[in-house]
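Visitor: In the working numbering, the protein residues as written are 112 to 1050.
Note that the Cβ used here is the ideal one computed from N, Cα and C, for glycine as well.
I'd like to ask you about the structure that follows.
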């Protein structure tokens, strides 16, 4: 066992406490991530736990990827990471649902709705809610003009009920007309949701809990398998999540929760600080140990003391853990660590902030603007946006992805303007609609017109598309929105290359490309929402009207964020403007906190406030909730700073600004111009690099890269979504039906033609609900028949199944290798693997063989047995050519892994160079064909 020299005594104690419940109160910068990493390593390396015995829930996907990376770099043996239950709580719940899908209201290929999807879903189904008694009365006094606003309000209350309903008699037994109405809305909403085979985020955890409660075999399996549970950011969990984890913990009670009640800032998402404050109450007295990590290694002493002072101002009356954080950071600054930056007019304030930032940069105090972050309650505030624009106008770039500027970006106006030019009836449908969005579309039109003025190639191409709409004889006018989008980008003209740039990866320098990637997702979701495969004579005007005057208008009105990277929370060359919630979990050398005019707010709408209190199970005193939340939020903001914390505002004695909650601490601070603040003694650390290992799979990474590095970059780096083709949909249908049937065979269940047909049709229905793409009847019949032939004619496969759809992973030095094996066979203690292909044999077979070799390598690591042989089973071939057998040798497996390593190395090193090959079938059928040709001509 290691001696944990890198841990302090309390951290070490937390690592070694593995039996029984444990509460870790981890203050800011106290090394909780390191503690969790060491705890996992101790379980795997010293205790002998298997990966499947560990559940580790994090608040963000980024946090889970960082933990996986750090564990993988220090593990003493190779493990199958895919077996570990690690990720966000929602992703872990989805895994439990997927592994027990037959017990869920959901079916395969269910759709997970994000906030915008959920709002559109409610909007689309508004008629189902209008006939519920009390509909109009419920919205009285709520500024709910139009169905879109009503959809947003209903979404809020549906989520609230999902998060609060558990064991809540306020909801279950209420006589309040509004709560009775919401209960009925909630019930109908869930019926519609599952009818569409969809689920939203708040329902994910609720469905997972329902499955565990109603199916004892699921709970028993989880309890037997998961022996150690760790939940990070426990102050941000809700009652549903806590009940789920306590159930899985079972009699072992090996549940370790980590968090800080002072940073509980997600009440508006259903989180309750009660979970962490009363965690010990879930166990008998003295059973649950509490360990406080109270040494802050992030912030200097002045900042830590200021944060302590901020909390001590409020009489918490027992509603927080009484603790005092101390700084464990070596003092590298011999001057003030907390100051204020203020003026009495907005112009002077902007000027002062600019000069301060500019001095830090030009004097060399900071090496990069990304060492500075502004934190505000909202980055959509007009004063904040004006400050951002002021800094950018003076040459200081600003990174603010959540300021709702997406539709103000030139590249988005350009591409929307292009679409307005393509459709013949645009002048009547888009520019004369009376929906209040005409002016914006006119700006988009002018933006596009000015850019393409001298671009004859693009103009002529757009004319060719428009002519198809004008042609009365043409039935199919054009592909859907996403198809048109790629045909436009694929021209590769100078106008397109102004915004689509493959040579730059920096988020801000190439913001246009990243934003076009987001726009591709908007178009794809719209096409699916409307079931739009092609524009036709019948649907064109109706679809255009709905897209521009409803769908896109709603998105523009609500605003959406720009691209954010998991690996780069503070892009080089820019000052960050973030919300306080966005800054949670991050740290910056210099933090400037604004919005000092705020007070602990109460709900402005009295009706909504009363309704919220009626739905919520009271924990803290109702009259103090907003006050507690306010203090926790700004404590979270202040504690992001490493070397310098500055409070900033435009002072106003009449309002007053700063407001009373800040006044007491603010007045004690020196201004940056004060002689007491010796700037020359200030030292700023660099922004800490994010260490996240790539996860590569053969099919979704290596194969795509080998086909075309540029296409790989478009999908994986810039996150463009490509159109789903019917062949891909058909492949998914056949694979999933085979999986279901192989599982039944594995369980010794009888398989008949009727059962095959039933499974095939059910899977097709659910795939159609998700993608809204029809497959030709003849193709469906051939797919079903090929599965029947497999079951009937290949007993050497079906009678030797060892496992189905096995996910494997292997830790490499620079990345993690993953793969999913369709079928594992075992006969006479010898393993074989089978991979199903829906098409016919062709030029890609060598790549498929490499894929099998990688799977054989992974399987050997998992079972410690030689894998002698693999089979490629082609469902589209005749019986004589249906199977290709591959015999594995050590040399071939070593070469396959070496080839995989070489490709992975190229991806990691950002080597995406490629040239158009006119002889390649792939190149000639690619969306980017003309782009690449134009690129060659430019050289």
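Mind reading off the beta-carbon distance from residue 137 to residue 404? Whole number of angstroms is fine, and I expect it under 8 Å.
Guide: One-based indexing of the chain shown puts residue 137 at position 26. One-based indexing of the chain shown puts residue 404 at position 293. At roughly 4 Å, the Cβ-Cβ gap stays under 8 Å, so residue 137 and residue 404 are in contact.
Visitor: Let me check one thing: in DSSP terms, what residues is residue 487 bridge-paired to?
Guide: Taking the chain shown and counting its residues from 1, one reaches residue 487 at position 376. Answer by DSSP bridge pairing, in chain order: 690.
Visitor: Reducing DSSP to helix, strand and coil, say where residue 918 ends up.
Guide: Locating residue 918 in the chain shown gives position 807, counting from the first residue. Three-state DSSP puts residue 918 in a strand.
Visitor: Put residue 1047 into one of helix, strand or coil per three-state DSSP.
Guide: Against the chain shown, residue 1047 aligns to sequence position 936. Looking at residue 1047 - three-state DSSP - the assignment turns out to be helix.
Visitor: Can you check DSSP and say which residues form a bridge with residue 930?
Guide: For the purposes of this step, residue 930 is taken as the residue at position 819 of the chain shown. 919.
Visitor: Which runs of the alpha helix (DSSP H) at least 4 residues long sit entirely within the region 860-907? Give them in chain order.
Guide: 864-882, 888-904
Visitor: Under three-state DSSP, which class holds residue 95?
Guide: Nothing about residue 95 can be read from this structure; the chain reaches only from 112 to 1050.
Visitor: Just confirm the distance between the C-beta atoms of residue 801 and residue 679, as a whole number of angstroms; I'd bet it's less than 8 Å.
Guide: As a first step, residue 801 is located in the chain shown; it is residue number 690 there, counting from the start. As a first step, residue 679 is located in the chain shown; it is residue number 568 there, counting from the start. The Cβ separation is near 7 Å, so the contact holds.
Visitor: So, at 7 Å on beta carbons, what are the nonlocal neighbours of residue 693 in its own chain, with the 5 sequence-adjacent residues on each side left out?
Guide: Along the chain shown, one-based indexing puts residue 693 at 582. 513.
Visitor: State the start and end residues of the unbroken beta strand (DSSP E) segment that holds residue 402.
Guide: Residue numbering aside, residue 402 sits at position 291 when the chain shown is read from its first letter. Looking at the DSSP string, the run of the beta strand (DSSP E) that includes residue 402 is 400-404.
Visitor: For residue 765, name the three-state secondary structure that DSSP assigns.
Guide: As a working mapping, residue 765 is identified with position 654 in the chain shown. Coil.
Visitor: By the three-class DSSP mapping on this structure, what secondary structure does residue 985 have?
Guide: Stepping through the chain shown from its first residue, residue 985 is reached at position 874. DSSP places residue 985 in the strand class (E or B) of the three-state scheme.
Visitor: Ignoring anything shorter than 3 residues or poking outside the region 491-521, list the beta strand (DSSP E) runs there in chain order.
Guide: none
Visitor: Considering just the uninterrupted stretch of the alpha helix (DSSP H) at residue 634, what are its terminal residues?
Guide: By one-based count along the chain shown, residue 634 stands at place 523. Segment 622-641, the alpha helix (DSSP H) holding residue 634.
Visitor: When you compare only the Cα positions, how much space is there between residue 323 and residue 368?
Guide: Against the chain shown, residue 323 aligns to sequence position 212. Against the chain shown, residue 368 aligns to sequence position 257. Spanning the two alpha carbons is a distance of roughly 21 Å.
Visitor: Locate the alpha helix (DSSP H) running through residue 823, then write down its first and last residues.
Guide: Counting from 1 along the chain shown, the entry for residue 823 is found at position 712. Residues 820-823.
Visitor: Please name the residue or residues paired with residue 792 in a DSSP beta bridge.
Guide: Counted from its first residue, the chain shown places residue 792 at position 681. DSSP lists no partner for residue 792.
Visitor: Give me whichever residues DSSP pairs with residue 759 in a beta bridge.
Guide: Reading the chain shown from its first residue, position 648 is the one you call residue 759. Beta-bridge partners of residue 759 (DSSP): 452.
Visitor: Do the region 872-886 and the region 924-934 touch if we need at least three Cβ pairs shorter than 8 Å?
Guide: no
Visitor: Taking the alpha-carbon positions, what's the residue 808 to residue 658 distance?
Guide: Residue numbering aside, residue 808 sits at position 697 when the chain shown is read from its first letter. Residue numbering aside, residue 658 sits at position 547 when the chain shown is read from its first letter. Roughly 36 Å between the two C-alpha positions.
Visitor: Measure from the alpha carbon of residue 837 to the alpha carbon of each residue in 831, 845, 239, then state which is nearest.
Guide: In the chain shown, residue 837 corresponds to position 726, counting from 1. The shortest C-alpha separation from residue 837 is found at 845.
Visitor: So, helix, strand or coil for residue 943, using DSSP?
Guide: As a position in the chain shown, residue 943 is number 832, starting the count at 1. Of the three classes helix, strand and coil, the one that applies to residue 943 here is strand, per DSSP.
Visitor: Under three-state DSSP, which class holds residue 382?
Guide: Residue mapping note: residue 382 aligns to position 271 of the chain shown, counting from 1. In the structure shown, residue 382 sits in coil (DSSP, three-state: anything other than H, G, I, E or B).
Visitor: Please check the pair residue 631 and residue 832, which I expect to be a contact at CB under 8 Å, by giving their CB distance rounded to whole angstroms.
Guide: What you label residue 631 is simply residue 520 of the chain shown in a count that begins at 1. What you label residue 832 is simply residue 721 of the chain shown in a count that begins at 1. About 5 Å; that satisfies the 8 Å criterion.
Visitor: Look at the Cβ atom of residue 166, then the Cβ atom of residue 341, and state whether they are nearer than 9 Å.
Guide: The residue you call residue 166 lines up with position 55 of the chain shown. The residue you call residue 341 lines up with position 230 of the chain shown. Yes. Within cutoff.
Visitor: Below 9 Å between beta carbons: does that hold for residue 442 and residue 419?
Guide: By 1-based counting over the chain shown, the position of residue 442 is 331. By 1-based counting over the chain shown, the position of residue 419 is 308. Their beta carbons are not under 9 Å apart, which means residue 442 does not touch residue 419 by this criterion.
Visitor: Roughly how many angstroms lie between the CA atoms of residue 527 and residue 573, to the nearest whole one?
Guide: By 1-based counting over the chain shown, the position of residue 527 is 416. By 1-based counting over the chain shown, the position of residue 573 is 462. Rounded to the nearest angstrom, the two C-alpha atoms are 13 Å apart.
Visitor: Measure the C-alpha to C-alpha separation of residue 889 and residue 585 and round it to an integer number of angstroms.
Guide: Position 778 of the chain shown holds residue 889. Position 474 of the chain shown holds residue 585. Their Cα atoms are separated by approximately 25 Å.
Visitor: Taking 8 Å as the cut-off, does the region 809-817 touch the region 1009-1027 (at least 3 CB pairs, one atom from each stretch)?
Guide: yes
Visitor: Closest to residue 212 by C-alpha separation, out of 1041, 299, 847, would be which residue?
Guide: Looking up residue 212 in the chain shown gives position 101. Closest option to residue 212, Cα to Cα, is 847.
Visitor: Of all the options 421, 504, 344, which has the alpha carbon lying nearest to the alpha carbon of residue 174?
Guide: The residue labelled residue 174 in the question sits at position 63 within the chain shown. Nearest C-alpha to residue 174: 344.
Visitor: Report the residue from 302, 249, 318 whose alpha carbon sits nearest the alpha carbon of residue 215.
Guide: Here residue 215 refers to the residue found at position 104 of the chain shown. Taking only the C-alpha atoms, the option nearest residue 215 is 318.
Visitor: Quick one: give me the first and last residue of the alpha helix (DSSP H) that residue 832 is part of.
Guide: Numbered from 1 along the chain shown, position 721 holds the residue referred to as residue 832. Segment: none, residue 832 is in no alpha helix (DSSP H) and carries neither H nor E.
Visitor: By Cβ distance, which residues of its chain are closer than 6 Å to residue 672, with the 5 residues on each side in sequence left out?
Guide: Taking the first residue of the chain shown as 1, we reach residue 672 at position 561. Closer than 6 Å at the Cβ level, and outside the excluded window around residue 672, lie 512, 513.
Visitor: For the beta strand (DSSP E) that residue 222 lies in, which residues bound it at each end?
Guide: As a first step, residue 222 is located in the chain shown; it is residue number 111 there, counting from the start. It spans 222-224 - the beta strand (DSSP E) in which residue 222 sits, taken as one unbroken run.
Visitor: Under 9 Å, do residue 510 and residue 619 count as touching if we go by C-beta distance?
Guide: Position 399 of the chain shown, counted from the start, is the residue given in the question as residue 510. Position 508 of the chain shown, counted from the start, is the residue given in the question as residue 619. The answer is yes: Cβ separation under 9 Å.
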